[in-house]
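Protein chains in written order, with the working numbering: chain A, 1 to 237; chain B, 1001 to 1237. Ideal Cβ positions, reconstructed from N, Cα and C, are used throughout, including at glycine. In what follows, a structure is listed as structure tokens, so that the remarks can point back to it.
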């Protein structure tokens, strides 16, 4: 936790916040070795951040002074990431990576090579996803949660949702063998589509290109989804 | 395994290779569902790669025809990565990521904020490191193993090893708060230094800058080591 992220439930009033969940209390005690009087980096979910004082810390709660939090969170990446649903353990890590990198819009997409069982994983529960997003925010000292959307049908996503999403941003399809190398340091709003382990099938690639996505590649190396996503975001933005 | 990587022990002669270890045999049967007659992507450790035929597959061995492997492995990154030793689980993943991305020279460095216990981890055993490097090569369809060096003293590394390493390549120190943003798409030989969770201490930063490294940053977000390393490599090269 590079940031103590305070949820609406933690905020008592415009001066005080109380943290009561065991995860953060244990972390405050055992990693930060925090004591009353310490100044810590605090942020309010969806809001500002800054330094605030730990007023007291017991087995059951930590009380913070929060009146001085006046910094804006770091800028977001101008990207809507559309990611074929990864297997559960990779999903958990990828949610943390992309949240830390500043993604604010994430669609998890079904494709032919996404195993059906992945959609039944407990990792897709709202609470579980929220927990990984918070870990990403705490890591990167950000306060704004990404919005995560599940798109359980490839065809409805491409036919019904994608045209609207591409109305005001460019679409890029990252797929091995595409003719163009991934561009560097673009500033524009982008929708970035990344396939599953094993890739999109040719029919899916055709639909995405037809919908207006430009195909790009990251070179001859085949990367794991979590590596590829981080590498793409770092190169594009 | 996007590539069956054949070690010197597997090669019987210039036509045949025999794979006998359970990991690859299970993977061939259960993930690839391979059968005799299948053409598969094969590579020879340190050598060429290409398509070869699976001649037979039993509980105890897989026999491959390897005479037609004539492709060069993908290009390496022109980087010597110097990484503060991460905690063991992160080390394992980071070895796979950086190998898949094409790093061929890796130094694991002691710094003040590296916990001493990390140097006792079984993950630092030669066999364990080799296994993670092979996983990275198999992922990226590469055949050339990185060289991994352990530098258990910060001062000896900076005073004795670093001047020679910087004689014919630029040095970059990735550290939050440095004045210059990480450059994009450089082609030159580079030594890239990345600190531990919690960062280098100021004294270490000074020594690295004095030795000739240029300080660069990746923006206001604090990234986990594995995310930061992938992002740095993708942006630099």
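Item	Value
Minimum C-alpha distance to residue 1167 of chain B - residue among B:1177, B:1002, B:1191 and B:1145	B:1191
Contact belief for residue 133 of chain A with residue 95 of chain A at Cβ below 8 Å, rounded distance in angstroms	6 Å
Inter-stretch contact (C-beta, 8 Å, three-pair minimum) for the stretch 149–157 of chain A and the stretch 70–78 of chain A	no
Neighbour flag for residue 38 of chain A against chain B, beta carbons, 8 Å	no
CB contact check: residue 1097 of chain B to chain A, cutoff 8 Å	yes
Per-residue DSSP class, three states only, for residue 217 of chain A	strand
Residue nearest to residue 1193 of chain B in terms of C-alpha spacing, selected from B:1230, B:1006, B:1043 and B:1023	B:1230
Where the stretch 1128–1144 of chain B meets chain A: residues whose CB sits under 8 Å from a CB there	1139, 1140, 1141 and 1142
Whole-angstrom distance between residue 1050 of chain B and residue 1062 of chain B, CA atom to CA atom	17 Å
The stretch 115–132 of chain A touching the stretch 1007–1020 of chain B, judged by at least three CB pairs closer than 8 Å	no
Stretch-stretch touch, CB-based, cutoff 8 Å, three pairs: the stretch 207–215 of chain A with the stretch 111–118 of chain A	no
Residue range of the unbroken alpha helix (DSSP H) whose run includes residue 223 of chain A	Note, residue 223 of chain A: premise wrong, no alpha helix (DSSP H); not H, not E.
Within-8 Å CB hit, residue 1222 of chain B to chain A	yes
Residues of its chain near residue 1128 of chain B, where Cβ-Cβ distance is below 7 Å and the 5 sequence neighbours each way are ignored	1122
Buried or exposed by the 16-neighbour rule on C-beta atoms within 10 Å, applied to residue 1031 of chain B	exposed
Whole-angstrom distance between residue 6 of chain A and residue 195 of chain A, CA atom to CA atom	34 Å
Beta-ladder partner(s) of residue 18 of chain A, from DSSP	A:63
Residues, ordered as in the chain, of the stretch 1005–1025 of chain B that lie near chain A by beta-carbon distance below 8 Å	none
Proximity test, Cβ basis, 8 Å: residue 196 of chain A and chain B	no
Contact list for the stretch 1182–1196 of chain B against chain A, Cβ threshold 7 Å	1184 and 1185
From A:197, A:233, A:214 and A:2, residue whose alpha carbon lies closest to that of residue 1140 of chain B	A:197
Host beta strand (DSSP E) of residue 53 of chain A (start-end)	49–57
Interface residues of the stretch 208–221 of chain A facing chain B [CB-CB below 9 Å]	218, 219, 220 and 221
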